[in-house]
Amino acid sequence: MEKQLAASFLGGIFRSVRFGLGEAHGGANAIILNYLQEKGAFLWDEKAGRFGVDYTRFRPALRELAKTLLTIEATGDYPGAKGLINKYNYASEALKTALDKVKNVPVDIRPLYSIEKEI
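Position one of the sequence shown corresponds to residue 0 (numbering that gives the first Met the number 0), numbered consecutively onward.
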């Protein structure tokens, strides 16, 4: 079951980042993806052009990220939060390639805000 959850979690990241890294959920999921990729839990297969999961590294890396995020939140560590955002909230070439493959798949929801028409 854990393997299915890890793979589903990875897939869910792409659903969120498709809305853009400037959106709260998109940026947060880019941070998760890049952090877990740095820790070797998410892998990019350049030849196949897709991501995969290293199941032995996934749980420890996710636990480490959760500890980092919760510590930042609990202590109100604004510089720590800013540092995490600055380091991990970006679209890597791997992410851009993966997103390009699903660009014609409809998104589940595209919010439209009336204020956008007025700006």
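Don't be surprised by glycine CBs; every beta carbon is placed ideally from N, CA and C.
Computed from a prediction, not measured in an experiment: that's the story for all the values here.
Which residue marks the beginning of the beta strand (DSSP E) containing F41, and which one marks its end? Note, F41: beta strand (DSSP E), F41 to D44.
Hey, is the region 11–23 in contact with the region 62–79, meaning 3+ C-beta pairs nearer than 8 Å? Touching, no.
Kindly indicate the opening and closing residues of the beta strand (DSSP E) around R49. For R49, the enclosing beta strand (DSSP E) covers residues R49 to V52.
Compare the C-alpha of D44 against each of S7, A93, I114 and E63 and name the closest. If you compare the alpha carbons of S7, A93, I114 and E63 with that of D44, the shortest gap goes to A93.
Check whether the Cβ atoms of V101 and F13 sit closer than 8 Å, and answer yes or no. Contact flag set, yes.
The alpha helix (DSSP H) with N33 in it runs from where to where? Residues A23 to E37.
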